[in-house]
Amino acid sequence: MNLKEYTRANEFDRWVGLIQAIHSIRMGIGKSVLDIGCGVGEFTPLFLNKFERVVGLDPSGEYLEEARLANNQVEYVQGYGETFNLPEKFDTISMNNLLEHVENPVVLLKNCKRHLRGRLIVQVPNGNSITRRLGVLMGLIDSLDNITDKERNFYGHKRTYTLSSL
Numbered sequence: 000m001n002l003k004e005y006t007r008a009n010e011f012d013r014w015v016g017l018i019q020a021i022h023s024i025r026m027g028i029g030k031s032v033l034d035i036g037c038g039v040g041e042f043t044p045l046f047l048n049k050f051e052r053v054v055g056l057d058p059s060g061e062y063l064e065e066a067r068l069a070n071n072q073v074e075y076v077q078g079y080g081e082t083f084n085l086p087e088k089f090d091t092i093s094m095n096n097l098l099e100h101v102e103n104p105v106v107l108l109k110n111c112k113r114h115l116r117g118r119l120i121v122q123v124p125n126g127n128s129i130t131r132r133l134g135v136l137m138g139l140i141d142s143l144d145n146i147t148d149k150e151r152n153f154y155g156h157k158r159t160y161t162l163s164s165l
């Protein structure tokens with residue numbers, strides 16, 4: 000089964016994920032990177048273009064199986080960002096579209112700090128995006144920080160972020 004089809008809402012979302020990965024690679028430093036929330040490893044192998052050591056972390060064993068089949072140069076580890084414990088520190092830790100999904104983002108960030116010796120790169124959906132603003136104008140959502148049932152139940156979002164709230 001190709002789980003990659005279930006990890007993005009649509010092709011635009013997939014394109015945005017690619018752009019986010021490219022920006023993470025550009026902003027990353029050092030020789031090692033940890034990609035937290037790597038899913039099926041759709042973008043994680045791109046980090047091999049810059050980093051010598053690439054580790055992907057995700058809680059889904061099923062997703063990681065698919066990731067390993069697609070690329071065996073990346074080390075994939077099963078675990079949650081809030082609780083993983085690896086015996087090393089990374090020069091760069093990347094999290095793309097993850098913080099809006101976790102119960103306690105502060106716990107996740109503190110765990111990252113324990114495993115980081117360089118740069119943390121965090122990207123989240125824009126709570127002030129044009130689509131959210133249109134949703135408010137059209138009456139589809141009550142406010143920019145409101146999470147719709149679809150965002151909560153289908154995408155697993157728990158919150159929105161703006162530049163200031165991030």
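So for the sequence shown, numbering that gives the first Met the number 0 puts the first residue at 0; every next one is plus one.
Backbone N, C-alpha and C fix where the C-beta goes; we use that ideal spot for every residue, glycine too.
Boundaries for Q77: no alpha helix (DSSP H) harbours it, while the beta strand (DSSP E) harbouring it runs E74 to Q77, taken from the DSSP string. Taking 8 angstroms as the cut-off, the Cβ atoms of L56 and D34 count as close. Here the alpha carbon of T130 sits roughly 36 angstroms from the alpha carbon of E74. When DSSP states are grouped into helix, strand and coil, I28 belongs to the coil group. For H156, the closest C-alpha among the options L98, L115 and D141 is that of L98. A straight line joining the alpha-carbon of F42 with that of L17 spans about 7 angstroms. Under the three-state reduction of DSSP, T91 is assigned to strand.
Shown here, R132 sits in a helix according to DSSP, grouped into three states. If you ignore the 5 residues before and after N127, its C-beta comes within less than 7 angstroms of the C-beta of L143 and T161, all in its own chain and listed in chain order. Taking the Cβ atoms as the reference, R113 lies roughly 11 angstroms from F89, outside the contact range of under 8 angstroms. In the same chain as I92, and ignoring 5 residues on each side of it, the C-beta atoms closer than 6 angstroms to its own belong to L33, C111, L115 and L119, in chain order. The C-alpha of E87 lies about 11 angstroms from the C-alpha of V54.
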